[in-house]
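Taken in order, these protein sequences are the chains called E and F.
Position in the first sequence (first residue = 1) + 1 = this note's numbering.
Position in the second sequence (first residue = 1) + 201 = this note's numbering.
All remarks here apply to the structure that follows.
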Amino acid sequence: MADVLVGLWVEDGTVPALGLEVTRTAAGVAAALGGRLTALTLGAGALGASDALHLAGAAQVLRCSCPLLARSPGEAGLRALEAAAALVRPGAVLLAADGLGRDWAPRLAWRLGAVMVGEVVRWRCEAGRITFERSVYGGKAVAAFRPATESVVATLRPGAAGPGGAVPAAPAGTDAELELPLAAGAGWPVLLRREREEREGPALEEARVVVAGGRGLGGREGFASLLELARALGGAVGSSRAAVDEGWAPPSWQIGQTGKSVAPDLYVAVGISGASQHLVGCGRAKTIVAINQDPEAPIFDHAHLGLVGDYREIVPHLTAALREGRD
Amino acid sequence: MHAVVLLKRVPDPELPPSAFSVDPETLRAEVGRTPHVLSSFDANALEVALQLREALGSLRISALSLGPAAAEEVLRKALALTADDAWHVLGDDEDLDPGQAGAVLAAAIRRLGLPDLVLAGRQSADWEAGQVGGVVAEELGWPCLPFVSRLRPSSAGLEALQRLEGGEAVYELALPAVVTVTNDAGNGLRPARIRDVLAARARTLEVLELSALAGGALGRGPARGLLGLSVPAGRARAEFLGGASGREQALELARRLRQLGAV
Chain E
2 MADVLVGLWV
12 EDGTVPALGL
22 EVTRTAAGVA
32 AALGGRLTAL
42 TLGAGALGAS
52 DALHLAGAAQ
62 VLRCSCPLLA
72 RSPGEAGLRA
82 LEAAAALVRP
92 GAVLLAADGL
102 GRDWAPRLAW
112 RLGAVMVGEV
122 VRWRCEAGRI
132 TFERSVYGGK
142 AVAAFRPATE
152 SVVATLRPGA
162 AGPGGAVPAA
172 PAGTDAELEL
182 PLAAGAGWPV
192 LLRREREERE
202 GPALEEARVV
212 VAGGRGLGGR
222 EGFASLLELA
232 RALGGAVGSS
242 RAAVDEGWAP
252 PSWQIGQTGK
262 SVAPDLYVAV
272 GISGASQHLV
282 GCGRAKTIVA
292 INQDPEAPIF
302 DHAHLGLVGD
312 YREIVPHLTA
322 ALREGRD
Chain F
202 MHAVVLLKRV
212 PDPELPPSAF
222 SVDPETLRAE
232 VGRTPHVLSS
242 FDANALEVAL
252 QLREALGSLR
262 ISALSLGPAA
272 AEEVLRKALA
282 LTADDAWHVL
292 GDDEDLDPGQ
302 AGAVLAAAIR
312 RLGLPDLVLA
322 GRQSADWEAG
332 QVGGVVAEEL
342 GWPCLPFVSR
352 LRPSSAGLEA
362 LQRLEGGEAV
372 YELALPAVVT
382 VTNDAGNGLR
392 PARIRDVLAA
402 RARTLEVLEL
412 SALAGGALGR
422 GPARGLLGLS
432 VPAGRARAEF
442 LGGASGREQA
452 LELARRLRQL
462 GAV
């Protein structure tokens, strides 16, 4: 029997979608381990997030809204998680595979003497031990880990799947403020400013249609025609890592193992060769359409529909045809 | 100022999946004959260090790699790109878990003289654990700032640009510190000059034995509990849509998308 701790960054009183998903998964893990789930909310919006977390299965919600979190989110959040873990003594700590989760996980694991597994896509539980699956080698292989330590720390990718089964909500749980004797550590990095990217249309992770471009676009201009297509489809534009490295697309558009993970109804890959590390980020799409000049491009081994040709000729006609159909 | 850059030699991640297989007995990738390269985010880390040296005017850059004899390749590459010295922790690291590798690297960093800054790729291109930078920071008792793509000198030490999925953040970074590096359009590794490549061949590497450095780190054995390593089954090949022109292909695709209810 072991309890589970989930750590969540909550900026404005609402738990982000991935945070709620991780909480529901963590509730499933806690049930499988025969323990209770504690959620620790970190950040200025920690107050007010409790109801949603209880509904997602947290028996206990701890809040930490220490002002140091805004100044040094990585270091202060790590200290808070360490304090919460000292209270809960969890068998598993689960975090979202986002910037802060990936920052905290290896260092928290080191402090707890735990093994960490990152970027988990599937979990199961046998005889009180959890097995985590993740992709490795840029998506060319899948590895399964069953850590031998008493506690584990894991980060979960969006859509991480478990054995299933309903997890009871815990609407009558308890709430407490986590009192942290938190003083800034010497030499902590200090956040000076943050720039959130403004983008047109739906967020990439939530869009029902994603149109993504890669090195085959041949230049920044190619993304202009993808934006038109995305607009006609009510979707969002993404990119491969190659296009980000070329400077044609901002890093926040990157989809793949080290970028965003999307699960739209329709994914249109334009000029993307289909490296495994990219497919890790778009493989959950219901329908994948690939447009590429090279009939041997690996993307065609993963797409449902393929068009071999010059996107400069295909995409504008496609945009026009889809617009016509809507009028 | 002194920076250590952690470099790992890995099977070329650009190789197609058809060139990749797994030994089900040893749970290791069968990559013996495939070309190997410097892990991509480590290449970005080296470039960030080189750019920082240019901005500062001077910076000692030490390259450090843990791995078998062939790891020498990535160290010589770093020397060809004007790293000042190169340190090789020689040994088979394939079965080390990231906590052990981080502890060994931290011990090596202490051995070569504590620097002001350690740079590491955010994750390696093989096992992709994304832990070594954080573990090294913990072992040294230093703060860690992950996902940095640019560093520049500031009054407090360094100013770091952090690239996250939702946007970017700027941090003031006091030293000593560990940073992990992610890719952006400005930190692709520059090519080496032929003259420097030739000069690097003649350089002597500092060699440390893994077994001598590991101390207690290896005694407990890997705790990660690797149960399985397998290649996922491929999906069926795409259905190709024909058409005499781009326009015909586009119209056919539009029709099929409507049929599928995807639009």
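For each residue, glycine too, the CB sits at the ideal point set by N, CA and C.
Amino acids of chain F, ordered along the chain, whose beta-carbon sits closer than 9 Å to that of residue i
{"i": "residue 224 of chain E", "result": "By Cβ distance, chain F contributes nothing, its closest Cβ being about 13 Å from residue 224 of chain E, past 9 Å."}
{"i": "residue 196 of chain E", "result": "368, 369, 370 and 371"}
Contacting residues, own chain, Cβ-Cβ under 7 Å from residue i (five flanking each side not counted)
{"i": "residue 317 of chain E", "result": "226"}
{"i": "residue 19 of chain E", "result": "97, 99 and 159"}
{"i": "residue 328 of chain E", "result": "For residue 328 of chain E, the predicted model reports a pLDDT of 45, less than 50, meaning its position is unreliable; a value from the coordinates is still stated below. Result list for residue 328 of chain E: empty, nothing under 7 Å."}
{"i": "residue 272 of chain F", "result": "210, 266 and 289"}
{"i": "residue 324 of chain E", "result": "233"}
{"i": "residue 307 of chain E", "result": "291 and 301"}
{"i": "residue 33 of chain E", "result": "126"}
{"i": "residue 348 of chain F", "result": "323, 363, 364, 365, 381 and 383"}
CA-to-CA distance, residue j to residue i, given in whole angstroms
{"i": "residue 426 of chain F", "j": "residue 297 of chain F", "result": "11 Å"}
{"i": "residue 41 of chain E", "j": "residue 78 of chain E", "result": "10 Å"}
{"i": "residue 135 of chain E", "j": "residue 364 of chain F", "result": "23 Å"}
{"i": "residue 64 of chain E", "j": "residue 180 of chain E", "result": "9 Å"}
{"i": "residue 51 of chain E", "j": "residue 29 of chain E", "result": "18 Å"}
{"i": "residue 306 of chain F", "j": "residue 411 of chain F", "result": "9 Å"}
{"i": "residue 313 of chain E", "j": "residue 211 of chain E", "result": "18 Å"}
{"i": "residue 149 of chain E", "j": "residue 121 of chain E", "result": "17 Å"}
{"i": "residue 266 of chain E", "j": "residue 456 of chain F", "result": "16 Å"}
{"i": "residue 284 of chain F", "j": "residue 240 of chain F", "result": "17 Å"}
{"i": "residue 237 of chain E", "j": "residue 416 of chain F", "result": "51 Å"}
{"i": "residue 54 of chain E", "j": "residue 315 of chain E", "result": "46 Å"}
{"i": "residue 276 of chain E", "j": "residue 187 of chain E", "result": "42 Å"}
{"i": "residue 140 of chain E", "j": "residue 356 of chain F", "result": "42 Å"}
{"i": "residue 176 of chain E", "j": "residue 153 of chain E", "result": "24 Å"}
{"i": "residue 256 of chain F", "j": "residue 358 of chain F", "result": "13 Å"}
{"i": "residue 208 of chain F", "j": "residue 145 of chain E", "result": "26 Å"}
{"i": "residue 309 of chain E", "j": "residue 215 of chain E", "result": "15 Å"}
{"i": "residue 408 of chain F", "j": "residue 292 of chain F", "result": "10 Å"}
{"i": "residue 204 of chain F", "j": "residue 259 of chain F", "result": "11 Å"}
{"i": "residue 414 of chain F", "j": "residue 297 of chain E", "result": "47 Å"}
{"i": "residue 279 of chain F", "j": "residue 395 of chain F", "result": "13 Å"}
Same chain, Cβ closer than 8 Å to residue i, five either side skipped, listed in chain order
{"i": "residue 13 of chain E", "result": "45 and 46"}
{"i": "residue 192 of chain E", "result": "71, 72, 73 and 74"}
{"i": "residue 216 of chain F", "result": "235 and 236"}
{"i": "residue 446 of chain F", "result": "none"}
{"i": "residue 458 of chain F", "result": "464"}
Coil, strand or helix - residue i by DSSP
{"i": "residue 351 of chain F", "result": "strand"}
{"i": "residue 384 of chain F", "result": "coil"}
{"i": "residue 325 of chain E", "result": "helix"}
{"i": "residue 123 of chain E", "result": "strand"}
{"i": "residue 226 of chain E", "result": "helix"}
{"i": "residue 262 of chain E", "result": "coil"}
{"i": "residue 224 of chain F", "result": "strand"}
{"i": "residue 290 of chain E", "result": "strand"}
{"i": "residue 65 of chain E", "result": "strand"}
{"i": "residue 268 of chain F", "result": "strand"}
{"i": "residue 24 of chain E", "result": "helix"}
{"i": "residue 438 of chain F", "result": "coil"}
{"i": "residue 18 of chain E", "result": "helix"}
{"i": "residue 256 of chain E", "result": "strand"}
{"i": "residue 159 of chain E", "result": "strand"}
Close beta carbons around residue i, own chain, < 6 Å, minus the five adjacent residues each side
{"i": "residue 444 of chain F", "result": "450 and 453"}
{"i": "residue 232 of chain F", "result": "212"}
{"i": "residue 268 of chain F", "result": "210 and 294"}
{"i": "residue 397 of chain F", "result": "281"}
{"i": "residue 203 of chain E", "result": "237"}
{"i": "residue 60 of chain E", "result": "37, 38, 171 and 174"}
{"i": "residue 338 of chain F", "result": "345 and 379"}
Contacts of residue i in chain F (Cβ-Cβ under 7 Å)
{"i": "residue 103 of chain E", "result": "331 and 347"}
{"i": "residue 285 of chain E", "result": "Here the premise fails: no neighbours, minimum Cβ distance about 13 Å."}
{"i": "residue 315 of chain E", "result": "447, 450 and 451"}
{"i": "residue 253 of chain E", "result": "366, 367 and 368"}
Supposed close pair residue i, residue j - CB separation, criterion 8 Å
{"i": "residue 378 of chain F", "j": "residue 315 of chain F", "result": "Not confirmed; about 12 Å, so no contact."}
{"i": "residue 282 of chain E", "j": "residue 261 of chain E", "result": "6 Å"}
{"i": "residue 21 of chain E", "j": "residue 57 of chain E", "result": "5 Å"}
{"i": "residue 388 of chain F", "j": "residue 431 of chain F", "result": "With 8 Å as the limit, residue 388 of chain F and residue 431 of chain F do not qualify as a contact, their Cβ atoms being about 34 Å apart."}
Where residue i meets chain E, residues with beta-carbon distance less than 9 Å
{"i": "residue 431 of chain F", "result": "142, 143, 144 and 145"}
{"i": "residue 323 of chain F", "result": "103 and 259"}
{"i": "residue 285 of chain F", "result": "In chain order: nothing, as chain E lies at least about 25 Å away."}
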